[in-house]
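Going line by line, the protein sequences match chains F and V.
Using my numbering, the first residue of the first sequence is number 1, and each one after it goes up by one.
Using my numbering, the first residue of the second sequence is number 229, and each one after it goes up by one.
Notes follow once the structure below has been shown.
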Amino acid sequence: MTDSSGDWTGLQAPATGTTIVAVTFDGGVVLGADSRVSTGTYVSNRASDKIAQLSDQVYLLRSGSAADTQLVSDYVRYFAEQHAIGLSEPPSVKTIANLVKQMNYQNKQMLEGAMIIAGWDREGGGQVYGCPIGGTLLQEPWTTDGSGSTYIWGYLDSAFRHHMTQDEAEELVITSISLAMARDGSSGGVVRLITLSKDGARRRLVKGDEVQLYGEELQMQSSSMDLL
Amino acid sequence: MSGIGTGYDLSVSTFSPDGRVFQTAYAQKAVDNGGTVVGIRCKDGVVLGVEKPVASKMLVGGSNRSTYPINQQTGMGIAGVSADGRQIVNRAMQEATQYKGFYGEVIPGYVLSERIASYVHLFNLYWYVRPFGAALLMASYDSEGPQLYLIEPGGTAHRYFGTAIGKGRQSAKTDIEKLKLTELSCRQGVVEVAKILHTVHDEEKPFELELAWICDESNKEFKRVPADLAAEAEQQAKAALDEDMDS
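Laid out in C-alpha cells, this is it:
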C-alpha cells in the first residue's frame, strides 16, 4: 500500500478501537470486551482477546494502541509477580492498578493506551480502576473505555445499580458492549467476559451470532426469495 | 579485655581466624554501652521507651529526640549512637515514601524491616564505610496487626514480643518476660515500660524518659505518648521504685 513516493500512507498501526466495560457487583466484578482489532478499515483480528491477566485475580482490559497496551500488561505482570515474592502473598488490586498507572504516567509521551484494571481481593472485594490515557488512576464502581464507550456512557449511567447479583452484572456488561458494537465501527466480533469473585475467575464467551442486534442492523437471511 | 582482635579488627572487610568481624562486634558494643531502650508488643499496639541520660542541667528537656515516626503506621526508637541512628531513620522514611509512591499502598512492617536490615548490612560489607553504632526498635501496626522489630548493627532484623537493648537490657528483658503481654493494653504497657526503665537506670544520675506508641488508642498512628499519660506513668514508676526501696 505505498504510493509513488514510497510513503506508507493509509497504513495505520494496529489499534484496538474497542469497547471495554467493567462493573462491580455484590461479591466481585465483571469485565467485558469486544474482540475487533483494526488496521485502518481492515479488521486484522476479529476475535482477539483484549483481556490480559495480571495476576491470579486481577485482570486488565486494553484499548488504544495494541502494541503499547500489550507491553504495559507484560511489564505489570512481571512487576506484580516480583512484588508477590517479596510480600509472600498476592498484591492487592490497588497495588497492581498503581503499577499500571506508573507505567502509563511515567511514559505518557510515548504511550497511547487506555486501560481498565479490575480484580478481587479479600480486603477490598471486587474493585474497578479506570486508567485513561495520560495515567490518571481512579477507583469507580463501574467504568468503560475505548472508542465504543462513547455510545454507552448514558446507558450505563441509567442501568447500573449498586449491589447487583452476578447474573445482573453479566447481563449489563453484555448488553452495554452489544449496544456499542452496533454503533461503533471499530468494535465488533464476539463479547468476552470474565467474572472475578472469591471463587476465582470464570470466562464466558458470547459468540458473534449470539450477540443481540439493535436498531436496523441486518438480520441473517437465507434468501430474499423466501417470500415466494 | 576479651575480644581484642589484634590486626583483624582494623577493617570491616576483614574476618578474624575464628570467623568474626570485629568491627561489627565493636559497633554492637557501642549500642550495649548506650542508654536502655525497651519495646513491648501489647494486645492492641506497641510501646517504645527510651532512657536518655541528661548530660547537663543546662540542656532544655525534650530536645535530642530518639523516637521518630517513619510514616503514619510505623515508628522507630534509636539505641546507641543517636546520630548514626538518625541516618537509618532517614533511609526508612525514604523507603516508605518511595514504596507508597510506586505501589500505591503503605509499606508493610516486615517489608520495611527487611529493607532497613539490608541497608544496615551494607555498611558491614565495604572497607570504606563503618558499621552504624546504633540499633533500631521498629514499631508498626498494619493489616497484620501490631509488630515489633529489632534491627541490629550487623544488619539482622528479628520480630519480637518484647525486647530491650542498651546498658540495662539484661534486667529489662527479665522484667519484660514476666509481663503477660497478650493481656496487656498499651495504656498499661506504658506504665510497665516506665517502671522497667526507672528500675534499670542508675539512680544517681538524672535521666529523661521518652515514650512513644502506636495502638488503637492513638488511632493506629505512631506518636509520642500523650503528656498526661506519660507523666502519670513516670509517677507510678517512681512510686513502685520507692516501694521496692522500703521493703
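Idealized CB from N, CA, C, for every residue including glycine.
Note that the structure is predicted; figures quoted are calculated from it, not measured.
How would you label residue i, buried or exposed, when you count the other beta carbons within 10 angstroms and need 16 or more for buried?
i        : result
V:SER230 : At V:SER230 the pLDDT is 47, less than 50, meaning the model places this residue with poor confidence and gives no usable figure here.
F:GLU170 : buried
F:LEU213 : exposed
V:THR234 : exposed
V:ASP472 : exposed
F:ASP199 : exposed
F:TRP120 : buried
V:ASN447 : exposed
V:ASN352 : buried
F:MET103 : buried
V:HIS426 : buried
V:ASP403 : buried
F:THR2   : Residue placement at F:THR2 cannot be trusted, given a pLDDT of 39 that sits under 50; what the coordinates show is reported in the next sentence. Exposed, since its Cβ has fewer than 16 Cβ neighbours within 10 Å.
F:THR41  : exposed
V:GLN375 : buried
V:TYR356 : exposed
V:PRO434 : exposed
V:MET286 : exposed
F:ARG161 : exposed
V:PRO297 : buried
V:ASP246 : exposed
V:ALA467 : exposed
F:ILE85  : exposed
V:THR264 : buried
V:ALA283 : exposed
Kindly indicate if chain F contains any beta-carbon less than 7 Å away from that of residue i.
i        : result
V:GLU323 : no
V:GLY332 : yes
V:TYR236 : no
Kindly say whether residue i, judged by its beta-carbon, lies nearer than 7 Å to any beta-carbon of chain V.
i        : result
F:ASN107 : no
F:ASN104 : no
F:THR41  : no
F:THR19  : no
F:THR95  : yes
F:ASN45  : no
Since residue i sits in a beta bridge, which residues does DSSP pair it with?
i        : result
F:ASN45  : F:VAL37
V:LEU443 : Looking at the sequence shown, residue 443 of chain V is not Leu but Cys. DSSP, once it has assigned bridges, lists V:GLY273 as partnering V:CYS443.
V:GLN416 : BP columns for V:GLN416 are empty, so no partner.
F:TRP120 : F:GLY126
V:ALA385 : V:ILE379
F:TRP142 : F:VAL23
F:SER63  : F:ALA114
V:ALA362 : V:GLY308
V:GLU436 : V:LYS280
V:ILE344 : According to DSSP, which records beta bridges pairwise, V:ILE344 is partnered with nothing at all.
Give the straight-line distance between the Cα atoms of residue i and residue j, rounded to the nearest whole angstrom.
i        : j        : result
F:GLN139 : F:PHE79  : 21 Å
F:LEU111 : F:TYR75  : 14 Å
V:ILE335 : V:MET366 : 13 Å
F:SER197 : F:ILE51  : 16 Å
V:ILE268 : F:VAL58  : 38 Å
V:GLN256 : V:VAL275 : 23 Å
V:TYR377 : V:ASP370 : 13 Å
F:ALA159 : F:GLY32  : 16 Å
F:GLY113 : F:GLN70  : 9 Å
V:ASP312 : V:PRO281 : 18 Å
V:VAL227 : V:ARG248 : Past the edges of chain V, shown from 229 to 475, lies residue 227 of chain V, and the structure says nothing about it.
V:ASP470 : V:TYR354 : 50 Å
F:GLY208 : F:HIS83  : 39 Å
V:ASP260 : V:LYS395 : 5 Å
V:ARG415 : V:SER294 : 21 Å
V:VAL266 : V:LEU238 : 32 Å
V:GLY361 : V:GLY308 : 6 Å
V:TRP441 : V:ASP272 : 10 Å
F:ASP7   : F:GLY215 : Since pLDDT at F:ASP7 reaches only 48, below the 50 mark, its modelled position is unreliable, and the value read off the structure follows with that caveat. Distance between the alpha carbons of F:ASP7 and F:GLY215: 40 Å.
V:ALA253 : V:GLY382 : 8 Å
F:GLY188 : F:ILE116 : 19 Å
V:ALA459 : V:GLU405 : 25 Å
F:ILE174 : F:VAL191 : 7 Å
V:THR410 : V:PHE389 : 9 Å
F:TYR155 : F:SER176 : 7 Å
V:GLY303 : V:LYS451 : 8 Å
With a cut-off of 7 Å, does the C-beta of residue i fall near any C-beta of chain A?
i       : result
F:THR69 : Looking for chain A here will not work: the only protein chains present are F and V.
Name, going along the chain, the residues of the stretch 66-92 of chain F whose beta-carbon falls closer than 8 Å to a beta-carbon of chain V.
Within the stretch 66-92 of chain F, the qualifying residues are HIS83, GLY86, LEU87, PRO91, SER92.
Return the residues of the stretch 335-347 of chain V that lie within a Cβ-Cβ distance of less than 9 Å from chain F, sorted by chain order.
In summary, the residues of the stretch 335-347 of chain V whose CB is separated from some CB of chain F by less than 9 Å are PRO336, TYR338, VAL339, GLU342, in the order they occur in the chain.
Listed from N- to C-terminal order along the chain, which residues in the stretch 137-169 of chain F have their beta-carbon within a distance smaller than 9 Å of any beta-carbon of chain V?
Those residues of the stretch 137-169 of chain F placed with their C-beta closer than 9 Å to a C-beta in chain V are LEU137, ordered along the chain.
Contact residues within the stretch 368-382 of chain V, judged by C-beta distance below 9 Å to chain F
If the cut-off is 9 Å between Cβ atoms, the stretch 368-382 of chain V has SER371 near chain F.
Would you list, in chain order, the members of the stretch 116-135 of chain F that have their beta-carbon closer than 8 Å to a beta-carbon of chain V?
Those residues of the stretch 116-135 of chain F placed with their C-beta closer than 8 Å to a C-beta in chain V are GLU123, ordered along the chain.
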